[in-house]
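Numbering (our numbering), first residue to last: 9 to 189.
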């Protein structure tokens with residue numbers, strides 16, 4: 009493993025840092041979506057905390073505004089750091105490519121300084137080390153972009169379901185008030 013890390017070259021530590029940051033964001037978002045999904049299941053019940061809070065708002069306009077704020081707060085919480093994850097997924101191949109170019113520059117400088125004939129083995133030795141950097145960048149990018157897409161799809165689903173649940177609860181309260189008036 010140490011050989012691979014060394015072979016990645018100058019970009020090994022930045023790519024390692026990006027991978028740790030991406031992993032932290034993924035774990036944070038998994039936790040947030042699990043919590044959001046369980047919260048959504050609880051909201052759907054008439055005796056939930058959300059429903060009780062909604063019933064305390066006596067005026068329909070006040071209820072509507074409170075629901076809007078509640079939705080915005082929930083969506084903002086679920087959206088946190090998703091753009092950063094997509095950015096890391098986009099930047100890591102470029103960082104890997106930078107490491108590859110750096111490795112190629114070093115390889116050609118080494119070749120220029122040598123007095124012996126340039127053999128395919130000498131070129132291949134420099135090229136495989138330089139390509140490790142691109143590979144490392146892609147290994148980070150692919151899961152980041154895949155999970156970013158999955159999280160965005162989950163976000164849309166949570167938004168749709170929460171909006172639907174809140175609208176149904178609000179409608180029921182308005183209908184009950186109209187029937188009791």
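Just so it is clear, CB atoms sit at the ideal spot from N, CA and C, and this is done for glycine as well.
Item                                                                                                                                         : Value
Check each candidate in 113, 85, 30 and name the one with the smallest Cα separation from residue 131.                                       : 113
Would you kindly check if the distance between the Cβ of residue 134 and the Cβ of residue 111 is under 9 Å?                                 : yes
From residue 171 to residue 71, what does the alpha carbon distance come to, in whole angstroms?                                             : 14 Å
Would you kindly work out how many angstroms separate the C-alpha atoms of residue 164 and residue 30, rounded to a whole number?            : 21 Å
Between 136, 183, 91, which has its C-alpha nearest residue 15's C-alpha?                                                                    : 136
Do you know whose CA, among 173, 68, 149, 119, lies nearest residue 98's CA?                                                                 : 149
Express the C-alpha separation of residue 90 and residue 174 in angstroms, rounding to a whole number.                                       : 24 Å
Alpha carbon to alpha carbon, what distance is there between residue 43 and residue 87?                                                      : 14 Å
Among 181, 73, 109, which has the Cα closest to the Cα of residue 18?                                                                        : 109
Near residue 13, what residues of its chain come up, given a Cβ to Cβ distance below 6 Å and the 5 sequence neighbours on each side ignored? : 20
Classify residue 159 as buried or exposed, calling it buried when 16 or more other Cβ atoms lie within 10 Å of its own Cβ.                   : buried
What's the gap between the Cα of residue 138 and the Cα of residue 126?                                                                      : 17 Å
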